[in-house]
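K.L.:
The structure under discussion is supplied below as structure tokens; questions concerning it will follow.
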């Protein structure tokens with residue numbers, strides 16, 4: 001079957017700059033896809049790359065879309081090369097969603113879709129939508145986390161993620177202690193370094209976590225991607241779990257780290273990891289402890305990502321999709 005292809009770039013401004021060890025992020029850019037079959041059924045997809053995580057760039061994704069004919073086939077979609085993982089996800093999502101109308105996204109109208117994927121839309125709430133999944137909320141880096149967790153707690157979140165490795169370690173450890181003291185005992189906390197620590201700093205953070213009376217769920221990607229063996233050693237030396245994130249950004253990286261012996265937590269970002277069908281195959285072959293996480297996508301990509309999370313998660317960990325409070329408006 002052949003499908004009419006249309007696509008449009010979009011941009012959404014963060015309410016406040018997102019600060020990570022990779023730098024400062026001001027605007028989330030992506031590409032929205034629409035496939036229409038001969039019966040008029042519509043499927044929506046989203047290409048939401050993060051190049052510094054290992055996906056293609058937005059420019060590469062746009063170039064790929066522009067080179068495609070206006071009518072495409074399943075064969076074209078399933079032959080998208082591995083170096084375009086966000087494109088793989090976006091096109092397969094659109095194909096899988098043809099005519100389903102899930103979450104009210106089945107309309108073929110661009111303006112209606114724009115309204116439904118706006119951060120202020122009821123289809124993309126700041127609080128967790130009804131779902132068998134539980135949600136983790138992302139806190140802002142630094143001292144702002146000490147204040148924001150309260151409003152997120154009132155919205156129903158019980159798991160939080162806080163960025164570390166963006167400031168002086170001594171100051172961050174002080175803030176960490178204050179955050180731990182202020183959080184309710186039933187809260188869960190994840191720390192995300194985005195590969196921004198050195199080996200000694202990772203030791204320091206893991207020691208601090210191991211010495212707490214409450215459990216830190218895990219420290220995410222303490223070291224850069226090229227220091228896998230050191231992270232493997234750290235995972236075996238401390239009680240606090242370590243989660244790989246940037247190290248498993250794509251399906252190839254996920255398979256490589258598994259083959260090298262990683263059995264701690266894997267953070268899966270569906271929108272940039274690659275083909276949903278190949279991701280399912282990997283999970284059918286390997287039982288892994290996975291946490292599914294957002295890349296600040298709209299409701300279009302989140303729809304497919306959360307379906308995959310509900311289908312593939314084995315350890316009932318909260319999914320990292322509590323991020324909409326970071327957005328102000330669509331540009």
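In UniProt numbering, the protein residues as written are 1 to 331. Where is the CB? At the ideal position from N, CA and C, for every residue including glycine.
Report the CB separation of residue 293 from residue 268 in whole angstroms; it is logged as a contact under 8 Å.
P.N.:
Contact flag correct, Cβ pair sits at about 7 Å.
K.L.:
Within the stretch 29 to 71, note down every full beta strand (DSSP E) run reaching 3 residues or more, in order along the chain.
P.N.:
Runs found: 42 to 47.
K.L.:
On the criterion of 16 or more Cβ atoms from any shown chain inside 10 Å, does residue 139 qualify as buried, or is it exposed?
P.N.:
Buried, by the Cβ-count rule.
K.L.:
Could you give the C-beta distance for residue 243 and residue 221, rounded to a whole number, given that I count them as a contact under 8 Å?
P.N.:
That pair is a contact at about 7 Å.
K.L.:
Between residue 16 and the rest of its own chain, which residues show a CB-CB distance below 6 Å, the 5 nearest in sequence each way excluded?
P.N.:
Cβ within range, chain order: n/a, list empty.
K.L.:
Is the beta carbon of residue 99 sitting closer than 8 Å to the one on residue 44?
P.N.:
Cβ distance not < 8 Å, so residue 99 and residue 44 don't count as in contact.
K.L.:
Give the DSSP-derived three-state secondary structure of residue 326 in the structure shown.
P.N.:
Residue 326: helix per DSSP, three-state reduction.
K.L.:
Helix, strand or coil: how does DSSP classify residue 80 here?
P.N.:
Coil at residue 80, not helix or strand.
K.L.:
Helix or strand or just coil, what does DSSP make of residue 206?
P.N.:
In this structure, residue 206 counts as helix in the three-state DSSP scheme.
K.L.:
Compute the Euclidean distance between the alpha carbons of residue 71 and residue 180, then round it to the nearest angstrom.
P.N.:
Looking at the two C-alpha atoms, the distance is approximately 54 Å.
K.L.:
Distance check for residue 209 and residue 189, CA to CA, integer angstroms please.
P.N.:
Each residue's Cα considered, the two are about 11 Å apart.
K.L.:
Please determine, among 174, 186, 225, the residue with the shortest C-alpha to C-alpha distance to residue 205.
P.N.:
Minimum Cα distance to residue 205 is reached at 174.
K.L.:
How would you call residue 66, buried or exposed, if buried means at least 16 neighbouring beta carbons within 10 angstroms?
P.N.:
Exposed is the call here.
K.L.:
With a threshold of 16 other CB atoms inside 10 Å of the CB of residue 194, please say whether the residue is buried or exposed.
P.N.:
By the neighbour-count rule (16 or more Cβ atoms within 10 Å), residue 194 is buried.
K.L.:
Classify residue 28 as buried or exposed, calling it buried when 16 or more other Cβ atoms lie within 10 Å of its own Cβ.
P.N.:
By the 10 Å Cβ count, residue 28 comes out buried.
K.L.:
Roughly how many angstroms separate the alpha carbons of residue 141 and residue 169, rounded to a whole number?
P.N.:
In a straight line, the C-alpha of residue 141 is about 13 Å away from that of residue 169.
K.L.:
Tell me, to the nearest whole angstrom, how far the beta carbon of residue 6 is from that of residue 34; I am working on the premise that it is less than 8 Å.
P.N.:
Right, their Cβ atoms sit about 5 Å apart.
K.L.:
Kindly list the residues whose CB is nearer than 7 Å to the CB of residue 317, restricted to its own chain and excluding five residues on each side of it in sequence; keep chain order.
P.N.:
Answer for residue 317: 291, listed in chain order.
K.L.:
Return the residue from the list 93, 217, 38 that minimises the CA-CA distance to residue 305.
P.N.:
Nearest of 93, 217, 38 to residue 305, Cα basis: 93.
K.L.:
What residues match up with residue 4 in a beta bridge as DSSP calls it?
P.N.:
In DSSP, residue 4 forms a bridge with 36, 71.
K.L.:
Jot down the residue ranges of each uninterrupted beta strand (DSSP E) in the stretch 237 to 262, minimum 3 residues, whole runs only, in chain order.
P.N.:
Those beta strand (DSSP E) runs which fall completely within the stretch 237 to 262 and span 3+ residues are 242 to 244.
K.L.:
Can you tell me where the beta strand (DSSP E) with residue 159 in it begins and where it stops?
P.N.:
Here the beta strand (DSSP E) through residue 159 covers 159 to 163.
K.L.:
Given the structure, does residue 72 come close to the ligand HEM, in the sense that its CB is under 7 Å from one of the ligand's heavy atoms?
P.N.:
In the structure on display, the ligand HEM does not appear, and there are no ligands present to speak of.
K.L.:
With residue 317 as the anchor, note down where its beta strand (DSSP E) starts and where it stops.
P.N.:
Where residue 317 is concerned, there is no enclosing beta strand (DSSP E), given that its DSSP letter is neither H nor E.
K.L.:
So, residue 321 versus residue 18, is the Cβ gap smaller than 8 Å?
P.N.:
No, they are not a contact pair.
K.L.:
Report the rounded CA-to-CA distance for residue 270 versus residue 260, giving the unit in angstroms.
P.N.:
Roughly 22 Å separates the two Cα atoms.
K.L.:
Exposed or buried, what is residue 151 when buried is set at 16 or more other beta-carbons lying within 10 Å of its beta-carbon?
P.N.:
Exposed is the call here.
K.L.:
Where DSSP assigns a beta bridge to residue 220, which residues make up the other side?
P.N.:
Answer by DSSP bridge pairing, in chain order: 192, 243.
K.L.:
Excluding the 5 residues preceding and the 5 following residue 161 in the sequence, name in chain order all residues of the same chain whose CB lies nearer than 8 Å to its CB.
P.N.:
Here the set comprises 136, 137, 138, 139, 189, 190, 191, 192, 220, 320.
K.L.:
DSSP on residue 298, reduced to helix/strand/coil?
P.N.:
It is coil, neither helix nor strand.
K.L.:
Taking the C-alpha atoms as reference points, what is the distance between residue 38 and residue 23?
P.N.:
Roughly 45 Å separates the two Cα atoms.
K.L.:
Could you check how far apart the C-beta atoms of residue 87 and residue 50 are, in whole angstroms? I think they sit under 8 Å.
P.N.:
Contact flag wrong, Cβ pair sits at about 13 Å.
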